[in-house]
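Protein chains: 2
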Amino acid sequence: MTVTQPTAATHDASDTLLERITQELPSLRRSEKKVAEIVLADPVAAMNYTMAGLAEAADVSEPTVMRFCASIGCEGFQDFKIQLAQTLALGLPVTHSAINPTDSSANLAEKIFDHTISSLDRARRTLDGEEVERAVAVLLDSSDILFVGFGASGIIAQDAQQKFPLFGVPCQAPADFHQQFIAATMSGPKSVTVAISNTGHTEQTLTVARAAKRAGGTVVSITGQTSPLSELADVPLVVRTFEDTDVYTPATSRLAGLVLVDVLATGVALRRPQEHNEAVRRMKSELAAMRHGPDAEESAES
Amino acid sequence: MTVTQPTAATHDASDTLLERITQELPSLRRSEKKVAEIVLADPVAAMNYTMAGLAEAADVSEPTVMRFCASIGCEGFQDFKIQLAQTLALGLPVTHSAINPTDSSANLAEKIFDHTISSLDRARRTLDGEEVERAVAVLLDSSDILFVGFGASGIIAQDAQQKFPLFGVPCQAPADFHQQFIAATMSGPKSVTVAISNTGHTEQTLTVARAAKRAGGTVVSITGQTSPLSELADVPLVVRTFEDTDVYTPATSRLAGLVLVDVLATGVALRRPQEHNEAVRRMKSELAAMRHGPDAEESAES
DNA sequence: GCTGAGATGTAGTGTAGCTACATCATCGAC
DNA sequence: GTCGATGATGTAGCTACACTACATCTCAGC
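Residue numbers (our numbering), protein chains in the order written: chain A, 135 to 436; chain B, 135 to 436.
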């Protein structure tokens with residue numbers, strides 16, 4: 135999507151423009167810094183500036199603006215504007231638009247949606263395709279699947295448990311820790327345990343994952359960072375979101391987790407024999423008929 | 135963010151650029167249509183075109199490209215490019231990039247994340263701030279809250295049930311239909327029932343909502359469209375996502391629902407007395423201590 | 001205080017985006 | 001069927017914006 139920048143090596147192309155500016159800020163020359171500050175102060179306004187306008191606003195000359203663009207890894211001013219526009223389309227991450235108590239509900243909704251979208255974008259950019267591939271392969275080959283997680287991660291487990299039985303593989307996602315532990319202990323060589331924990335440090339989840347490994351099963355982890363859980367997993371999936379810095383900031387990690395589960399489920403569905411998917415389609419339409427709504431209902435989407 | 139267009143009245147400023155082009159397509163002049171088709175065929179490439187380049191690709195003259203920009207409600211070519219970039223940053227909606235069985239897992243992940251982000255963007259654009267405000271007010275004033283939903287909507291209910299007890303109001307989200315019905319029947323004048331159903335036609339959910347109303351409670355609905363459920367609700371919240379046209383397309387509606395719940399929870403939290411939020415903060419840090427992780431765990435985020 | 005390297009600004013150029021006008025097609029009326 | 005009028009499309013030219021080469025200035029080190 136975004137054009138990769140072969141220039142400046144310090145920053146990662148998978149970072150968002152505003153992040154990159156913030157990162158590079160200390161290493162910028164004095165007058166370039168002035169430009170950066172103007173941009174960070176009001177990115178939306180900066181997007182509509184012309185080069186001369188930005189130069190004037192920052193009280194520097196036009197070539198300085200050019201050099202600034204080059205420093206943060208853009209091809210030129212045009213490219214800078216486009217990249218900025220793209221970044222802004224995803225919404226300003228919380229660091230740039232904190233929630234405050236005087237916000238109207240409409241504002242609040244705007245900000246939370248923005249934050250969520252930015253987070254998902256980050257997850258998308260940092261997700262390792264190879265690991266996803268491996269996870270799909272492992273799940274396809276499984277005899278039974280156990281999903282474990284607590285709190286918000288438990289919600290993800292439950293969601294997964296709604297989807298995966300569609301593939302004819304027995305699934306469970308018990309909420310109770312003891313039951314989880316028992317199920318993990320019973321793992322066979324083709325059993326897969328999907329252990330979910332945002333921090334990757336949750337003691338109980340770790341215990342269950344260890345039990346599953348000890349019993350000879352395969353462990354897929356879904357965490358927000360590299361952590362004890364991802365270290366012990368056979369297939370570690372890492373979904374990076376933006377840290378929740380504020381009390382008011384809701385947990386976006388669980389949403390990213392849910393989307394990842396969607397990806398896994400869809401990946402598995404695609405690689406299944408076609409006739410089986412036909413059966414799923416039939417089941418779905420029958421389920422829809424059980425309601426008097428005009429179209430398929432919200433349960434059991436693949 | 136985007137400048138509102140006083141010109142052409144047909145299209146809504148809250149629509150995404152590609153949607154607008156598709157909408158306007160029939161009413162475009164013949165040679166402008168050629169431009170539109172080139173853009174729709176490969177929007178990513180179009181973004182990097184210069185005006186002359188696009189003109190050549192569509193085999194028309196440069197002014198025609200200009201007129202095309204004006205027709206779809208852009209200030210000029212520059213503006214067109216920026217808006218296109220913004221649209222693409224959100225990812226191509228499924229209509230433009232369908233999932234096919236030959237996709238690699240990395241591709242698949244990309245597409246599903248894109249689709250989800252586009253959907254959330256749509257939800258954000260179509261959400262009614264006034265209704266959210268009313269929902270927050272109603273929830274703030276409630277004596278107890280009941281969340282109901284089945285299938286994927288049940289997941290949303292459960293998620294909500296994890297958040298709202300933080301505000302000191304008794305909450306429940308029973309999975310069992312009969313229990314839901316009983317709870318709804320017991321509604322008092324300050325009881326709030328949040329009924330969740332993407333289609334808004336789910337029979338059981340409707341039954342529970344009606345029972346709650348009959349008992350004198352207030353009903354807040356979360357649906358994907360105006361429907362019987364939203365009609366009977368006191369506060370109807372509508373979260374529009376992109377329809378799930380394909381078997382392989384996962385349900386994004388539940389994600390939008392979850393974000394909406396975040397918005398409601400945050401809205402309520404912000405309007406609560408400050409000392410109460412202090413108590414929540416303390417509870418969260420204690421919960422974090424129960425794990426040996428470095429930071430707060432994934433449950434109980436406000 | 002001098003020297004040189006790096007930072008910043010000045011002046012100039014090419015081109016991309018835009019506009020005014022001319023030409024051509026299309027359709028209706030006589 | 002021809003003429004005229006309206007609207008669509010292309011041509012030519014202009015403005016200004018992004019970009020570049022060069023000069024000047026600042027400041028560190030000697």
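C-beta atoms are modelled at their ideal positions from N, C-alpha and C, and glycine is treated no differently.
These figures come from a predicted structure and were not determined experimentally.
Check this for me: beta carbons of residue i and residue j, under 9 angstroms apart or not?
i      : j      : result
A/T150 : A/T221 : yes
A/V342 : A/Q296 : no
B/T375 : A/L242 : no
A/G350 : A/S325 : yes
B/I279 : B/T327 : yes
A/P177 : A/L159 : no
A/G263 : A/N332 : no
B/I251 : A/A219 : no
B/D293 : A/I289 : yes
B/A189 : B/V173 : no
Measure the alpha-carbon distance for residue i versus residue j and round it to whole angstroms.
i      : j      : result
A/V353 : A/G283 : 13 angstroms
B/A147 : B/C208 : Confidence at B/A147 is low in this model, with a pLDDT of 47, below 50, so the placement of that residue is unreliable and no value is reported for it.
B/E171 : A/A223 : 24 angstroms
B/Q139 : A/F298 : The predicted position of B/Q139 is uncertain, since its pLDDT is 35 and thus under 50; a value taken from the coordinates is nonetheless stated next. Roughly 46 angstroms separates the two Cα atoms.
A/L273 : A/V372 : 17 angstroms
A/K499 : A/P197 : Here chain A comprises residues numbered 135 to 436, so residue 499 of chain A is not present and cannot be evaluated.
B/M320 : B/Q359 : 28 angstroms
A/V397 : B/T386 : 12 angstroms
B/R416 : B/T336 : 40 angstroms
B/G187 : B/F211 : 12 angstroms
A/S165 : A/D213 : 20 angstroms
B/A309 : B/L389 : 19 angstroms
B/L363 : B/T357 : 8 angstroms
A/P453 : A/I246 : With chain A represented from 135 up to 436, any question about residue 453 of chain A goes unanswered, as that position is not in the structure.
B/A192 : B/L254 : 33 angstroms
A/R154 : A/T236 : 30 angstroms
A/L300 : A/A317 : 20 angstroms
A/N182 : B/S419 : 43 angstroms
B/T184 : A/A269 : 42 angstroms
B/D275 : A/V393 : 34 angstroms
A/P304 : A/A175 : 53 angstroms
A/A179 : A/G225 : 14 angstroms
A/L261 : A/D368 : 16 angstroms
B/S361 : A/S195 : 58 angstroms
A/F311 : B/H312 : 27 angstroms
A/R348 : B/A291 : 35 angstroms
Pick out whichever of the options has its Cα sitting closest to the Cα of residue i.
i      : options                        : result
B/R201 : B/F311, B/P304, B/R163         : B/R163
A/R406 : A/A271, A/G288, A/H312         : A/A271
B/S287 : B/A329, B/V266, B/T319, B/T360 : B/A329
A/A403 : A/G285, A/V199, A/S165, A/G302 : A/G302
A/P323 : A/A345, A/N332, A/P308         : A/A345
B/E265 : A/V393, A/T336, A/S239, A/I279 : A/S239
B/L366 : B/G334, B/A390, B/R388, B/T386 : B/G334
B/Q306 : B/K215, B/N332, B/S277         : B/S277
A/V395 : A/S195, A/E267, A/P308, A/P362 : A/E267
B/R256 : A/D275, A/D248, A/S253, A/A191 : A/D248
B/S355 : B/L300, B/F281, B/E244, B/F311 : B/F281
B/I206 : B/V169, B/V393, B/T236, B/A192 : B/V169
B/R258 : A/E244, A/R258, A/D368, A/C203 : A/E244
A/S161 : A/A175, A/A291, A/A204, A/L261 : A/A204
Check: Quick one: complete beta strand (DSSP E) runs, 3+ long, within the segment 329–383 of chain B?
Finding: Unbroken beta strand (DSSP E) runs of no fewer than 3 residues, entirely contained in the segment 329–383 of chain B, are found at 352–357, 369–372, following chain order.
Next item on the list: Give, in chain order, every residue of the segment 271–283 of chain B whose Cβ lies closer than 7 angstroms to some Cβ of chain A.
Entry: From the segment 271–283 of chain B, no residue has a Cβ closer than 7 angstroms to chain A.
Next item on the list: May I have a chain-ordered list of the alpha helix (DSSP H) segments no shorter than 4 residues that lie completely inside the segment 183–213 of chain B?
Entry: Positions of the alpha helix (DSSP H) runs, each at least 4 residues long and wholly inside the segment 183–213 of chain B, are given as 185–192, 196–205 in order along the chain.
Check: the segment 247–261 of chain B: which residues have C-beta closer than 8 angstroms to a C-beta of chain A, in chain order?
Finding: Cβ contacts with chain A: F247, D248, T250, I251, L254, D255, A257, R258, L261.
Next item on the list: Quick one: which residues of the segment 291–311 of chain B get their C-beta closer than 9 angstroms to a C-beta of chain A? List them in chain order.
Entry: Listed in sequence order: Q292, D293, Q296, K297.
Next item on the list: For the segment 171–183 of chain B, enumerate the residues whose C-beta is nearer than 9 angstroms to any C-beta of chain A, in chain order.
Entry: Residues of the segment 171–183 of chain B whose Cβ lies closer than 9 angstroms to any Cβ of chain A, in chain order: V178, M181, N182.
Next item on the list: Starting from the N-terminal side, write out each stretch of the beta strand (DSSP E) that is 3 residues or longer and does not extend beyond the segment 249–311 of chain A.
Entry: Listed in chain order, the complete beta strand (DSSP E) runs (minimum 3 residues) inside the segment 249–311 of chain A are 278–282.
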